[in-house]
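Everything below concerns the one structure shown next.
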Amino acid sequence: MENRVTVTTPEHVKLEFETAGLGSRALSLLLDWLILGFVQFILIFFGILFFAASANLGSPFWASVTMGIFLFLLFFIPLCYYVLTEYFMNGQTVGKRAVGLRVVTDRGTAPGFLAIFLRNLLRVVDGLPFFYLVGGISVFFNRREKRLGDLAAGTMVVQKEKREVPRVQPLFSHREPVLTPAELVGVSDRNWALLGRFLARREEMFPAVRQELAQRLARSLLPPAKTVAGREEFYLEAAYFQLRNRQMNREGGFHER
Numbered sequence: 061m062e063n064r065v066t067v068t069t070p071e072h073v074k075l076e077f078e079t080a081g082l083g084s085r086a087l088s089l090l091l092d093w094l095i096l097g098f099v100q101f102i103l104i105f106f107g108i109l110f111f112a113a114s115a116n117l118g119s120p121f122w123a124s125v126t127m128g129i130f131l132f133l134l135f136f137i138p139l140c141y142y143v144l145t146e147y148f149m150n151g152q153t154v155g156k157r158a159v160g161l162r163v164v165t166d167r168g169t170a171p172g173f174l175a176i177f178l179r180n181l182l183r184v185v186d187g188l189p190f191f192y193l194v195g196g197i198s199v200f201f202n203r204r205e206k207r208l209g210d211l212a213a214g215t216m217v218v219q220k221e222k223r224e225v226p227r228v229q230p231l232f233s234h235r236e237p238v239l240t241p242a243e244l245v246g247v248s249d250r251n252w253a254l255l256g257r258f259l260a261r262r263e264e265m266f267p268a269v270r271q272e273l274a275q276r277l278a279r280s281l282l283p284p285a286k287t288v289a290g291r292e293e294f295y296l297e298a299a300y301f302q303l304r305n306r307q308m309n310r311e312g313g314f315h316e317r
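Residue 61 is where the sequence shown starts when you use the numbering used here, and the numbers rise one by one after that.
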């Protein structure tokens, strides 16, 4: 059964998400475990070799040091994997990307490093007493299907949107690229989709609301030099089409609706 939630972004745009249930989250977790299992198998193999070598030295001190480093890495590597992949892969691990899931905040935005670190640090609690039983119970009873880590960090796991984008009718002429790649770095996939929704619906809005949203989006997505009063929509539209063309070239195209 689909569980859909509607959130309002800081730019006052409403977005609808389908939260990820136990089945899809368990599958993504299994895929991540397979990756971590392979890495930890290699770690255990070399850990045994180093432990045996230090034990042969006849010094219990070095054997204890080796064991301490080994146990630390067993805990630290999974935490690094989840934190770094979700931070640098736009809210996804390898398992989440394969299943089509991603992490967002309760406002529908990309989570920051501290939120990602907190939700993954609490995997230790969610994993108790075995096989994520505490986390599974929390997901089952929570309206937004959150585990304890998500509740603490203000995040949720949602189904990644299909690569269908709204049909945007250009109002300006953009014969040459207006923004450099460096000026587009701050526009993530999530912000690009949000920008498309605004541009597709802007002519349906009251002028004052349209202008306010354009100003908010320009200030949050574009560099200060491209937030000239009265020219916000020009630069937002240019950014949208430049990013769309770049993604079409990279992914082989997608469908407008």
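Note that CB positions come from ideal geometry on N, CA and C, so glycine has one too.
So what does DSSP say about residue i, is it helix, strand or coil?
{"i": "arginine 207", "result": "coil"}
{"i": "valine 217", "result": "strand"}
{"i": "arginine 167", "result": "coil"}
{"i": "leucine 182", "result": "coil"}
{"i": "arginine 304", "result": "helix"}
{"i": "proline 189", "result": "coil"}
{"i": "glutamate 236", "result": "coil"}
{"i": "valine 194", "result": "helix"}
{"i": "arginine 317", "result": "For arginine 317, the predicted structure reports a pLDDT of 46, less than 50, and the residue's modelled location is therefore unreliable. The matter cannot be settled from this model."}
{"i": "threonine 153", "result": "coil"}
{"i": "methionine 265", "result": "coil"}
{"i": "leucine 231", "result": "coil"}
{"i": "valine 247", "result": "coil"}
{"i": "glycine 312", "result": "No answer about glycine 312 holds up, because its pLDDT of 47 lies below 50 and its placement is not dependable."}
{"i": "threonine 287", "result": "coil"}
{"i": "leucine 174", "result": "helix"}
{"i": "leucine 282", "result": "coil"}
Going by the beta-carbon positions, is the gap between residue i and residue j smaller than 9 Å?
{"i": "methionine 216", "j": "aspartate 166", "result": "yes"}
{"i": "asparagine 180", "j": "glycine 214", "result": "no"}
{"i": "leucine 254", "j": "leucine 239", "result": "no"}
{"i": "proline 79", "j": "valine 218", "result": "Note that residue 79 corresponds to threonine in the displayed sequence, not to proline. Yes. Within cutoff."}
{"i": "histidine 234", "j": "glutamate 297", "result": "yes"}
{"i": "proline 171", "j": "glycine 151", "result": "yes"}
{"i": "glutamine 100", "j": "isoleucine 129", "result": "no"}
{"i": "valine 199", "j": "arginine 85", "result": "yes"}
{"i": "leucine 87", "j": "valine 159", "result": "yes"}
{"i": "aspartate 60", "j": "arginine 204", "result": "In the structure as shown, the chain starts at 61 and stops at 317, and residue 60 therefore has no counterpart that could be examined."}
Candidates the options: which alpha carbon is nearest residue i's?
{"i": "proline 197", "options": "Leu82, Phe266, Gly168", "result": "Correcting the residue identity first, residue 197 is isoleucine in this sequence and not proline. The shortest Cα separation from isoleucine 197 among Leu82, Phe266, Gly168 belongs to Leu82."}
{"i": "phenylalanine 232", "options": "Tyr300, Arg157, Glu272, Lys220", "result": "Tyr300"}
{"i": "leucine 161", "options": "Gly107, Glu243, Phe77", "result": "Phe77"}
{"i": "proline 284", "options": "Phe135, Leu244, Gln302, Phe200", "result": "Leu244"}
Report, in whole angstroms, the separation of the C-beta atoms of residue i and residue j, which I expect to be a contact under 8 Å.
{"i": "leucine 134", "j": "leucine 103", "result": "7 Å"}
{"i": "threonine 169", "j": "arginine 279", "result": "So it is not a contact: roughly 15 Å between Cβ atoms."}
**Request:** Tell me, please, whether the stretch 289 to 304 touches the stretch 248 to 268 by the rule of three or more beta-carbon pairs shorter than 8 Å.
**Result:** yes
**Prompt:** Should the stretch 129 to 142 be regarded as contacting the stretch 175 to 191, the criterion being three or more beta carbon pairs within less than 8 Å?
**Reply:** yes
**Asked** Counting pairs of beta carbons, one from the stretch 87 to 103 and one from the stretch 142 to 156, are three or more of them closer than 8 Å?
**Response** yes
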